[in-house]
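Read through the structure below, which is laid out as structure tokens, and then see the notes.
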Amino acid sequence: MVTDPQTACFEAGIKFGTLYHQFAGTPVSPDSARSLERAMAEAIENQPYCESVSVHILDGALEAELAESAADYTELTGRFMEVEMEIDYEGVRVRTRMEMEDGYPLMKLVSVE
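If you read the sequence shown in our numbering, its first letter stands for residue 11, the second for the next number, and so on.
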């Protein structure tokens, strides 16, 4: 039998996979960063059991990338964003966060309550 906490964690993983793989590669610039943050959060919040999503595109990292580029935009990757989510499944609340670790964006469980 799968427990409610296990299902809640699974749901969190599904949301992170959707967010990252749906939006990775999206063209992003300093001018479009805020609207992209909102679009990402609102898209994922549509999914079942999703209580909240916070997406923050890191302006400093984005600007540093563009300073070395001839283009006015770059592709969105995990190193340009911080993401937190809260999932509620059958009263089990799961908090998650995406963090860069050794150059790779890892989605982590923060708490299961």
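We put the CB at the ideal spot given by N, CA and C, even for glycine.
The continuous alpha helix (DSSP H) containing Glu55 extends over residues 43-55.
In terms of Cα proximity to Gly113, the closest of Tyr99, Arg89, Arg107, Ser121 is Arg89.
Here the stretch 39-46 makes contact with the stretch 62-75; the two share three or more CB pairs at distances below 8 Å.
Pro15 carries a helical assignment under DSSP once its states are collapsed to helix, strand and coil.
Per the C-alpha coordinates, the member of Val93, Asp98, Val102, Asn56 positioned closest to Lys118 is Val93.
Taken through DSSP and simplified to helix, strand or coil, Tyr99 comes out as strand. Fewer than three pairs of CB atoms, one per stretch, sit closer than 8 Å, so the stretch 73-85 makes no contact with the stretch 45-53. Cβ neighbours of Ile54 within its own chain (closer than 8 Å, five residues either side excluded): Lys25, Thr28, Leu29, Cys60, Val63, Met95.
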